[in-house]
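Working notes, beginning with the structure itself.
Protein chains: 4
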Amino acid sequence: MMIVMQEGATDEQVARIVERIEAAGARAHVSRGEFVTVIGAIGDDRELIASMALEGEAGVERVVPILKPFKLVSREFRREDVVVEVGGRRIGGGSFGLIAGPCTVETRGQTLVTAHAVKDAGASLLRGGAYKPRTSPYTFQGLGRPALDILAEAREETGLPIVTELMDVRQLDEVLEVADVIQLGARNMQNFDLLREVGRADRPVLLKRGVSSTIEEWLLSAEYIAKEGNDQVILCERGIRTFETATRSTLDISAVPVAKGLSSLPVIVDPSHAAGRPDLVLPLARAGLAAGADGLMVEVHPAPNEARSDGAQAVSPTEFARIARAAIALAELDGREVALPEGLRERASVAAEARS
Amino acid sequence: MMIVMQEGATDEQVARIVERIEAAGARAHVSRGEFVTVIGAIGDDRELIASMALEGEAGVERVVPILKPFKLVSREFRREDVVVEVGGRRIGGGSFGLIAGPCTVETRGQTLVTAHAVKDAGASLLRGGAYKPRTSPYTFQGLGRPALDILAEAREETGLPIVTELMDVRQLDEVLEVADVIQLGARNMQNFDLLREVGRADRPVLLKRGVSSTIEEWLLSAEYIAKEGNDQVILCERGIRTFETATRSTLDISAVPVAKGLSSLPVIVDPSHAAGRPDLVLPLARAGLAAGADGLMVEVHPAPNEARSDGAQAVSPTEFARIARAAIALAELDGREVALPEGLRERASVAAEARS
Amino acid sequence: MMIVMQEGATDEQVARIVERIEAAGARAHVSRGEFVTVIGAIGDDRELIASMALEGEAGVERVVPILKPFKLVSREFRREDVVVEVGGRRIGGGSFGLIAGPCTVETRGQTLVTAHAVKDAGASLLRGGAYKPRTSPYTFQGLGRPALDILAEAREETGLPIVTELMDVRQLDEVLEVADVIQLGARNMQNFDLLREVGRADRPVLLKRGVSSTIEEWLLSAEYIAKEGNDQVILCERGIRTFETATRSTLDISAVPVAKGLSSLPVIVDPSHAAGRPDLVLPLARAGLAAGADGLMVEVHPAPNEARSDGAQAVSPTEFARIARAAIALAELDGREVALPEGLRERASVAAEARS
Amino acid sequence: MMIVMQEGATDEQVARIVERIEAAGARAHVSRGEFVTVIGAIGDDRELIASMALEGEAGVERVVPILKPFKLVSREFRREDVVVEVGGRRIGGGSFGLIAGPCTVETRGQTLVTAHAVKDAGASLLRGGAYKPRTSPYTFQGLGRPALDILAEAREETGLPIVTELMDVRQLDEVLEVADVIQLGARNMQNFDLLREVGRADRPVLLKRGVSSTIEEWLLSAEYIAKEGNDQVILCERGIRTFETATRSTLDISAVPVAKGLSSLPVIVDPSHAAGRPDLVLPLARAGLAAGADGLMVEVHPAPNEARSDGAQAVSPTEFARIARAAIALAELDGREVALPEGLRERASVAAEARS
């Protein structure tokens, strides 16, 4: 790190900082400029900055970290892409995953109908919530345990692996009985005890970005998981909170190439939660893929208007099939592989041919 | 709620909405304007909006809620101020609380020295973290259990009640052994399982506002606690995340009068976390009180530069004494009562006289 | 508009609002709910809300506008897409425009070299700044008048129409001598005198979105221009200001489909200013097109590192050629027409074939 | 400035940067760390960073400026407070200014009534808009020239100096005929031609902070004015744009002590525009003063509900008198001088006595 001294900082103040850096086991390097003095501390920033509080020392203007604060999930640490493989479907490293399903498991019927529909349209994995974080205590909070059984049945029927959310460390065991991928929601991106627990679990984790989290904080949360031994993390951009009110969140499309540059983890996009409007799911899904995302997560409901949660943003199975076709066309333009159930790629190719 | 139809919505579309409102047990009221039709749904919005998803219906432009989404914590539900009383100190209803102490309990010595110092300066309660949420897995995460014992000892020595943070539902019992007030941090404001658990506990809760939470969401989180039976909630404004980088967060000073208008709960201000800089703690503390806050929460460290977490923002005991005197002077200007240890009020008055 | 009364508003307060609405020439419609009373004011919101200040009346909780505040640029007013045609190039209505060139005209040589390079790569229009708004008074502010002559020469040599920025009403005449499209920068999106002046000019306007402007405010600024008689407005999304610091601005990709839904005007994307980093220009350009944008505006510099302004984000001619090819491939996937100089489409098709 | 190289940057890349720094007339200082190399460029950042674009060079991770980008308005350049004196009223340096009046001059009657009322309550200056920037072209845009005559008459009658807004360089001469202080609105904070023009005028300037401008950008805009020779600039914090919708803007109360630390210019607060609600003007005005502001700017209307612009946030003369008394009490607590018309201080003291 570099310590920028205030204009007029005294020699004693500079000496005090040098002394503290050396006491911490690092080397100090003083550079006197025309107006200000800068001290370089040569050592590992992740530990140095954590253990010192140099901003508070007399004469210090500010402290500038040099090294990135995360390591295990960084592109420098691991050059090649992490590929998460779930039930034979690969996400990352050129392979593209299409996760779809209801926001919340409401009934057995709704879930099975949706599961079959999204499978037919080309989904690689089925999503569905058993436990739902809800802003208001007066709204539907999910079916809980029974929903997990319904999801297991849907997997058995369709063969689609299951992505479902974990909200509370006490539910880890029952979620692990069913989930092929554990989802951590945006509100839990900095629930550090939960991060540590899933870091010890033997299951891929889908980590949503918090609505007010920087990309760096997101990667630090992934680092919590990786530090416990689990490097099977899928990052999911789902929109950040800004002043704009036309959409529920602002999809930070730049986060896709930025996160993929900083980290080797796969990055997917959730256009449904970002927009909060079904008519924007298709254009945002296309934008996500064009920006380089390794997959999509889309909310689908057989009768969106009757959904018990977030229905306003779910798309119908028909609209999802359109989104899936658009996704496949874009992936093919880039020479990317899409994990597709048998027969679907053929149908997609035929459709592409017919169009041209 | 009101449902605004799109320009050109058909009679069938209007009829469909009316039918759905009536099916939900509410009354519908159609108002045809020159350009658009608006349908009023007369009933309880909290349930109606939760259970329907009218935005998704054909012909609907948008849905406008009329009633506030929270009830138990609202000023309409309970006109008079909620007063939280802890060990004889009152916060709210004209009484002012001064919570001070270290960000994190690091050692027995640091904690006891700080406890005595803040008590002497006028603090009503002692704060100190045993478990610390930290953005990076490489930084100090708190001493855990041993820190709780140190806090208990500090209470015994000084008589100051203890405010300490709960991060994980599994630690609830041990935190309850020591905490006089349970703190929920900004990152856990929407950890709904945690909210429900503290709602069932027999202890006041200090609920920090999330850095990207609206005031309405903050009150909905308080509603989660109240709904479980615990109405002893202190709201704490600690800054929101904005584009400005000169301060760590932007203290939303307007949130104080706004929250006090919407809710009967006491509202305090945390100038330390908002600013992230010790030189701003005094002006922001004064601003908070002038805006009507019922108290302050200030980080104090005997040697701020050596603090193991957030040292950069802690103030020294001497600076805290200055802040306390400023707070007392402002409270007196407004005729508010400050819970002060014996002798301190006298000293404060003498100081005021000397100044004038 | 609808006026939502406070719980407990009196009959007198309701009567007062009704009276004021009727005095303003509109009709009032009172709807009494279980908890609150809502009054509908039936008339033109754009005038009603402007001329009354009902939020200030006793008993009023809030005022909810029903009609959109803009008219001439709205999709309701004009269903079919506005197509802006400049020197035979069409932008909007299925046609796609590729605007490229230096941020600032620095020298004759740099401008001519860039103009030829972007033309060869497929650009439809040439951009270049003569007058530059700069945050600091100590940075290069543009060459002014001589830059306009250089742009005119570049047009003569390449045949590319010119897009250049107008900052000051006093420079309108000289800018009109050269500009085929007048650009209004993000900082001037709400410079209302400038909006009115270009509204009276006989030239298309490229209106950048302000970094903290909502989509609604952006369309209201376009309405200022249209109200003076000029409906040849191209909207340009260039990123909004958020808490994220990894990119200079956050490209609001959702703004593309949202603005195109609300308005008939063409919408283009500026990936260079949004990102502030050359490595993000390609993925953001692709994302913009995939989201439905009618064009791109890209900064190109023959030696980006030596640019006198914003060099850090300009791409080289070689990288621009890659971006243009990617844009053409995406446009073709969607069956959109790209205005291309002779011979280029052929080359693009050959490249596409070679790739497959 | 410091140039942080990427991990693995080559010796050639480092040498290239050193060469460019030296070619720019500065000295380079290379510091090789365990992981990364940092190059210090010793010289004047304001020019260096402006003239180079090192972020674009191969091997460069990022560029960190060391010096502040503004100079003339900085506290380092001028240690003592700038005091702006207008018609015998002082703002800054311990003196406190109370600017009040209508948002917009609507009629002669409304303006004169308000002028007398605010004078009686203790205002030091009268504000009133002749030209109004309005988001929508359909709302009242000010009376223009005739409003300036009304303001001149109000000054003659009350003796209060006039603060009025300049929107367009072409109106400078007529505004200078009447204005004692020229106001630049938030939307024009980065209208650089306007900044330069008022920098050449012989009149104090009240510079509002843009709703999405950082404190640093605000001071750079003040630097534009100072660079032309006018150092009589009053900074006015009026709220920034954030995700919170309970208030129109979020008053950035920290900006008061931060700007006063970085700059010697006086800083005032506009609680009316920040809040957009009359009930918040008093608490925010108090907060502003408690945070150290050198003054307030408050909108007052004799019949707020009938105001033609922004009426929803104006306070009545009675409420303004309450705000003025609260301001005077706070200023006295801090030993600050308030410029008061004769007789008022006496009345304020009597009131204070009566209260105690």
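Chains as they are written, first to last, in the numbering used here: chain A, 1 to 356; chain B, 357 to 712; chain C, 713 to 1068; chain D, 1069 to 1424. All C-beta atoms, glycine included, are put in the ideal place defined by N, C-alpha and C.
Next item on the list: Give a yes or no on whether the minimum CB-CB distance between methionine 2 of chain A and chain D is below 8 Å.
Entry: yes
Item checked: Cutoff 8 Å: glutamate 223 of chain A Cβ touching any chain B Cβ -> yes
Checklist line | Closest by C-alpha distance to alanine 1342 of chain D, when choosing among D/Gln1381, D/Ala1183, D/Leu1166, D/Asp1248 | finding: D/Gln1381
Margin query: Could you tell me the alpha carbon to alpha carbon distance between glutamate 658 of chain C and arginine 597 of chain B, rounded to whole angstroms?
Written below: Here chain C comprises residues numbered 713 to 1068, so residue 658 of chain C is not present and cannot be evaluated.
Next item on the list: With DSSP collapsed to three states, give me the class of serine 1340 of chain D.
Entry: helix
Next item on the list: Using three-state DSSP, classify glutamate 1125 of chain C as helix, strand or coil.
Entry: Any question about residue 1125 of chain C goes unanswered here, given that chain C covers just 713 to 1068.
Check: Any Cβ of chain D within less than 8 Å of the Cβ of arginine 774 of chain C?
Finding: no
Note to self: For a contact defined as C-beta to C-beta under 7 Å, what are the partners of aspartate 608 of chain B on chain D?
What the structure shows: Glu1312, Thr1318
Next item on the list: Let me know the alpha helix (DSSP H) ranges lying completely inside the stretch 288–338 of chain A, each 4 residues or longer, listed in chain order.
Entry: 317–333
Check: Which stretch, first to last residue, makes up the alpha helix (DSSP H) that contains phenylalanine 108 of chain A?
Finding: Strictly speaking, residue 108 of chain A in this sequence is arginine, with phenylalanine absent from that position. Taken as a continuous stretch (DSSP letters only), the alpha helix (DSSP H) holding arginine 108 of chain A covers 108–121.
Note to self: Could you tell me the alpha carbon to alpha carbon distance between serine 492 of chain B and alanine 542 of chain B, rounded to whole angstroms?
What the structure shows: 16 Å
Check: Taking C-beta to C-beta, are isoleucine 1063 of chain D and methionine 1365 of chain D nearer than 8 Å?
Finding: There is no way to answer for residue 1063 of chain D, as the model of chain D reaches only from 1069 to 1424.
Margin query: Taking its Cβ as the centre, do 16 or more other Cβ atoms sit within 10 Å of alanine 1419 of chain D, making it buried, or is it exposed?
Written below: With a pLDDT of only 44 at alanine 1419 of chain D, under 50, the local geometry of the prediction cannot be trusted, and the value read off the model is given with reservation. With fewer than 16 Cβ atoms within 10 Å of its Cβ, alanine 1419 of chain D is classed as exposed.
Item checked: cysteine 236 of chain A - partner residues in DSSP beta bridges -> A/Lys208, A/Ile268
Check: At a Cβ cut of 8 Å, what residues of the stretch 56–89 of chain A count as close to chain D, listed as they run along the chain?
Finding: Val64, Ile66, Leu67, Glu76
Next item on the list: State yes or no: is the C-beta of proline 1016 of chain C within less than 8 Å of the C-beta of valine 1027 of chain C?
Entry: yes
Notebook entry, point to check: What is the DSSP secondary structure of leucine 1352 of chain D, reduced to helix, strand or coil?
Noted result: helix
Note to self: Taking 6 Å as the limit between beta carbons, can you name the residues of its chain near serine 924 of chain C, skipping five residues before and five after?
What the structure shows: Arg953
Check: Does DSSP put leucine 907 of chain C in a helix, a strand or coil?
Finding: helix
Next item on the list: Alpha carbon to alpha carbon, how far is glutamate 1312 of chain D from cysteine 948 of chain C? Give it in angstroms, no decimals.
Entry: 26 Å
Notebook entry, point to check: To which residues does DSSP link alanine 397 of chain B through a beta bridge?
Noted result: B/Ala384
Next item on the list: Please name the residues in the stretch 861–883 of chain C whose beta-carbon is closer than 9 Å to at least one beta-carbon of chain D, in chain order.
Entry: Met879, Asp880, Val881, Arg882, Gln883
Margin query: Please classify glycine 1360 of chain D as buried or exposed, where buried requires at least 16 other C-beta atoms within 10 Å of its C-beta.
Written below: buried
Next item on the list: Could you check if asparagine 722 of chain C is buried or exposed, using at least 16 other CB atoms within 10 Å of its CB as the buried criterion?
Entry: Checking the sequence shown, residue 722 of chain C turns out to be threonine, not asparagine. By the 10 Å Cβ count, threonine 722 of chain C comes out exposed.
Next item on the list: Would you list the residues sitting across from glutamine 895 of chain C in a DSSP beta bridge?
Entry: C/Glu877, C/Leu918
Notebook entry, point to check: When burial is assigned at 16 or more other CB atoms within 10 Å of the CB, is proline 324 of chain B buried or exposed?
Noted result: Not covered by the structure: residue 324 of chain B. The range shown for chain B is 357 to 712.
Check: Since alanine 1323 of chain D is in the alpha helix (DSSP H), which residue starts that stretch and which ends it?
Finding: 1323–1330
Check: Who are the Cβ neighbours of arginine 882 of chain C in its own chain at under 8 Å, not counting the five residues just before and after it?
Finding: none
Checklist line | Buried versus exposed, by CB contacts within 10 Å (16 or more), threonine 114 of chain A | finding: buried
Notebook entry, point to check: Who are the neighbours of valine 38 of chain A on chain D, taking C-beta pairs under 7 Å?
Noted result: Met1070, Gly1108, Ile1134
Margin query: Does any residue of chain A have a CB that is nearer than 8 Å to the CB of serine 1417 of chain D?
Written below: Low confidence applies here, because serine 1417 of chain D scores a pLDDT of 48, under 50, leaving its location unreliable; read the following figure in that light. It does not; no Cβ of chain A falls within 8 Å.
Next item on the list: Indicate whether isoleucine 1336 of chain D and glycine 1127 of chain D have their beta-carbon atoms separated by less than 8 Å.
Entry: no
Notebook entry, point to check: So, is arginine 277 of chain A buried or exposed, given that buried needs 16 or more other C-beta atoms within 10 angstroms?
Noted result: buried
Checklist line | For aspartate 1149 of chain D, three-class secondary structure by DSSP | finding: coil
Next item on the list: Could you check the C-alpha separation between phenylalanine 789 of chain C and alanine 397 of chain B for me, to the nearest Å?
Entry: 30 Å
Next item on the list: Within the same chain, show all residues whose beta-carbon is closer than 8 Å to that of valine 1324 of chain D, passing over the 5 residues directly before and after it, in chain order.
Entry: Glu1305, Val1335, Val1337, Gly1356, Ala1359, Gly1360, Ala1361
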